[in-house]
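Novice: Its first residue numbered 41, the sequence shown is counted upward by one per residue in my numbering. Every residue gets a Cβ at the ideal spot worked out from N, C-alpha and C, and that includes glycine.
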Amino acid sequence: MIKNYMTRQVYSDRWFAWTIAIIFIIFLVTWGAVEQYSIELDATYGGATAEVLTSAESQIPTDRITLRGSYSRFYKFPKQFFNESSVPTDQILKVTDAQYLSLRSMHNGLAPYTFTRIEYDKPVYGATTPTGIKVGDAAFPKLNGSHPRWEVMAHEGGHNFFGGTSSFYSTLATPYPFLQESFAVLSAFYTYHTIVQNQAQYGLTDTTIKSLRYDFKNGRAYQKQQYNLYISNGSRFDIKDVLTSQALDYKMIMLGEQYGWKKYKKFTKAFDSNIEPNFTFHKDGVSDIEQSTYVVAALGVAFGRDFRKDFKELNFPVDGTLYADVFQKIILYINR
């Protein structure tokens, strides 16, 4: 009796174990379809380190791949993006790494995250996330002469490096495009010029630099077109209108080209969170005149020049009293 009982117990235990195992497998398959779990495998894809996700390991489409750079990562991104590019995959990662490092340098070591997580979101052109950026089909190389949309990626990163490192910037800039969009465009062009000037440091080939030149040449031409459109429309200053932000960003591009891009390392300090206690003008909300005055003063400090006349010609309002106050306080903060 004891022997028969023990035999039945062994069979019962085995049946229970197999039942649990089957339930667990069903759970994994079902959960994987929703949560897209994966097992990571090291592989090589275009000279880059990759985590290949196969159908046996994950329920996500097999045309996706995760590519890891030192300061950037394309997370579960369509292989099509890289296949369309005239720039090799390892060089793409070197550029996105360089964009991160350039933005961190622009902000004097401040960064919103330790690396840029680049995700795919089909309907968007470019967008920000708390940990990086999103890129959609409209920004794929096939639609840009086989070149990645470098400016789009750096532009979105620029949003994060300003907004993700300073609450004072957010107070000044949100919710309108005037400062937000112009600073993002400025950030993108800062990365471009910094990367081109330090090609060897970032390990970039001449072919990659040509790709960057192609994309930013087109981007600059567009911003110039919008700047001229702002003027031809009567220079109607409106912080709610993207066209006004484009007048500002093109002006800042020209200043960088004429006087040097490194000056913008000082400019970003004028928007640090730690400078905020020096001011009270923003306590009751920030007006369009205050936004305009502050950015013109910040540019003046950064470049050591008085740009009030230049911006008044574009109908940018500048309050004389506020300008004098913030100009001196920004100088003291930067030179402390």
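Drop a sphere of 10 angstroms on the beta-carbon of Lys323, count the other beta-carbons inside from all chains shown, and report buried for 16 or more, exposed for fewer.
Specialist: Under this definition Lys323 is an exposed residue.
Novice: Sorted by chain position, which residues of the same chain lie with C-beta nearer than 6 angstroms to Glu75's C-beta, five sequence neighbours on each side aside?
Specialist: Confidence is the limiting factor: at Glu75 the pLDDT is only 33, short of 50, which leaves the residue's position unreliable, though a coordinate-based value still follows. Taken in chain order, the list of residues that qualify is empty.
Novice: Would Tyr232 and Leu219 qualify as a contact pair, given that the criterion is a beta-carbon distance under 8 angstroms?
Specialist: No; because the gap between Cβ atoms is not below 8 angstroms, this pair is not in contact.
Novice: Keeping to the same chain, check which residues put their C-beta closer than 7 angstroms to that of Ile279; ignore five residues upstream and five downstream.
Specialist: Same-chain partners within the cutoff: Tyr216, Phe218, Asp328, Gln331.
Novice: On the DSSP bridge assignment, give the partners of Tyr160 in chain order.
Specialist: Answer is Val175, bridged to Tyr160.
Novice: Would you report the Cα separation of Pro188 and Gly300, rounded to the nearest angstrom?
Specialist: Their backbone Cα atoms lie some 26 angstroms apart in a straight line.
Novice: Quick one: grab the DSSP three-state call for Phe121.
Specialist: Helix.
Novice: Would you mind working out which of Ile132, Ser125, Ser126 sits nearest Phe382, comparing C-alpha positions?
Specialist: The chain is shown only over 41 to 376; residue 382 falls outside these bounds and no answer can be derived.
Novice: Please confirm whether Glu124 and Gly166 have their CB atoms less than 8 angstroms apart.
Specialist: The answer is no: Cβ separation not under 8 angstroms.
Novice: I'd like to know whether the C-beta atoms of Phe367 and Ala337 end up nearer to each other than 8 angstroms.
Specialist: Yes; because the gap between Cβ atoms is below 8 angstroms, this pair is in contact.
Novice: What are the partner residues of Tyr254, as DSSP defines its beta bridges?
Specialist: Bridge partners of Tyr254: none, in fact.
Novice: According to DSSP, is Ile105 part of a helix, a strand, or is it coil?
Specialist: Ile105 falls in the strand class under three-state DSSP.
Novice: Under 8 angstroms, do Ser186 and Ser126 count as touching if we go by C-beta distance?
Specialist: Result yes, Cβ atoms of Ser186 and Ser126 sit closer than 8 angstroms.
Novice: Do you know whose CA, among Phe343, Asn148, Gln263, lies nearest Glu191's CA?
Specialist: Looking at the Cα atoms, Gln263 is the closest of the given residues.
Novice: I need the DSSP call for Lys264, collapsed to helix, strand or coil.
Specialist: Lys264 falls in the helix class under three-state DSSP.
Novice: Let me confirm a value: Ile370 is counted as buried when at least 16 other C-beta atoms fall within 10 Å, else exposed. Which label applies?
Specialist: Counting Cβ neighbours within 10 Å, Ile370 comes out buried, since at least 16 surround it.
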